[in-house]
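Numbering (my numbering), first residue to last: 803 to 875.
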């Protein structure tokens, strides 16, 4: 939910909780994907960087669509 309301705050929270949620975990990837998706959907300037930080295993069709939009923008 935080990723949707404030992707920047969600990214900071994820960094603060790094010890509890290992970077290679599936949940970490899902959180990164949500942060990237809502950053792109809000047309924020950090979208490309946040999309690049999403592991390939966490990409879904919605994020892929926003990644394409971001690349074309």
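All C-beta atoms, glycine included, are put in the ideal place defined by N, C-alpha and C.
How is residue i classed by DSSP in three states: helix, strand or coil?
i: residue 863; result: helix
i: residue 856; result: coil
i: residue 821; result: coil
i: residue 846; result: coil
i: residue 832; result: helix
i: residue 803; result: coil
i: residue 875; result: coil
Compute the distance between the beta-carbons of residue i and residue j, then report whether it is under 9 Å.
i: residue 849; j: residue 868; result: yes
i: residue 820; j: residue 812; result: no
i: residue 809; j: residue 852; result: yes
Keeping to the same chain, check which residues put their C-beta closer than 7 Å to that of residue i; ignore five residues upstream and five downstream.
i: residue 824; result: 830
i: residue 843; result: 868
Starting from the C-beta of residue i, find all residues in its chain whose C-beta is less than 8 Å away, skip the five residues before and the five after it, and write them out in chain order.
i: residue 864; result: 839
i: residue 861; result: 835 and 869
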